[in-house]
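Below is one structure, written out as structure tokens; the observations come after it.
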Amino acid sequence: MGKLSDNFPYLYVASAGGNALEIVNITNPAAPSQMGRIETGSGALLANPQSVTVAGYNAFVTSKGNDALEIIDISNPASPVLVGNYDTPNTAINVVVAGNYAYIADFSSVQIVNISTPNVPTLAGSYSTPNSSYGITVG
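Read in order, the letters of the sequence shown correspond to residues 1191 to 1329 in my numbering.
Given below as structure tokens:
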């Protein structure tokens, strides 16, 4: 779920089986309801999405099946729109965003991607890990 901000009260779910990003309204926790959805074939390449993080009005989703980071505009939760993507060299598993950078656990490396212009993300740097990298955080 995104931070408690203008985006609350929504859940953002990487739906691997549905090849989609699901946006769920949780205003009433006893009755969550689908607010919006974007899936493969509707402008995104969300093949087997693994993780999602929200920063501002963008959702950052790792797409394991396409080895990519998908950047989705969620300013209108009922109608999310793909704004950019970045192809990773390996298998994009997890993502965390801090400032203008997305840090992607990309199986055997960490990809650091500049997202200051979300429709044109660019590689800022990378770090090869000696073993598989799945989880990631910045602190």
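Beta carbons: idealized from backbone N, C-alpha and C, even for Gly. All figures in this text were calculated on a predicted structure; none of them were measured in a lab.
Where residue i sits in the DSSP three-state scheme
{"i": "serine 1265", "result": "coil"}
{"i": "valine 1300", "result": "strand"}
{"i": "threonine 1327", "result": "coil"}
{"i": "lysine 1193", "result": "Note that lysine 1193 scores a pLDDT of 40, beneath 50, so its modelled location is shaky; the value from the coordinates is reported in the next line. Lysine 1193 falls in the coil class under three-state DSSP."}
{"i": "alanine 1221", "result": "coil"}
{"i": "glycine 1207", "result": "coil"}
{"i": "threonine 1278", "result": "coil"}
{"i": "methionine 1216", "result": "For clarity, residue 1216 is isoleucine in the given sequence; the question names methionine instead. If DSSP states are grouped into helix, strand and coil, isoleucine 1216 belongs with coil."}
{"i": "proline 1320", "result": "strand"}
{"i": "proline 1199", "result": "coil"}
DSSP beta-bridge partners of residue i
{"i": "valine 1310", "result": "Answer is none; valine 1310 lacks a bridge partner."}
{"i": "tyrosine 1293", "result": "Val1286 and Ile1302"}
{"i": "proline 1239", "result": "Ser1253"}
{"i": "glycine 1315", "result": "Ile1302"}
{"i": "valine 1271", "result": "Asp1263"}
{"i": "glycine 1226", "result": "Ile1213"}
Neighbour-count burial assignment, residue i, 16 or more Cβ in a 10 Å radius
{"i": "serine 1318", "result": "exposed"}
{"i": "alanine 1220", "result": "exposed"}
{"i": "glycine 1226", "result": "buried"}
{"i": "asparagine 1248", "result": "buried"}
{"i": "alanine 1288", "result": "exposed"}
{"i": "proline 1279", "result": "exposed"}
{"i": "serine 1265", "result": "exposed"}
{"i": "valine 1285", "result": "buried"}
{"i": "valine 1310", "result": "exposed"}
Legend entry - Cβ pair count under 8 Å reaching 3, the region 1286-1306 against the region 1266-1273: The region 1286-1306 is not in contact with the region 1266-1273.
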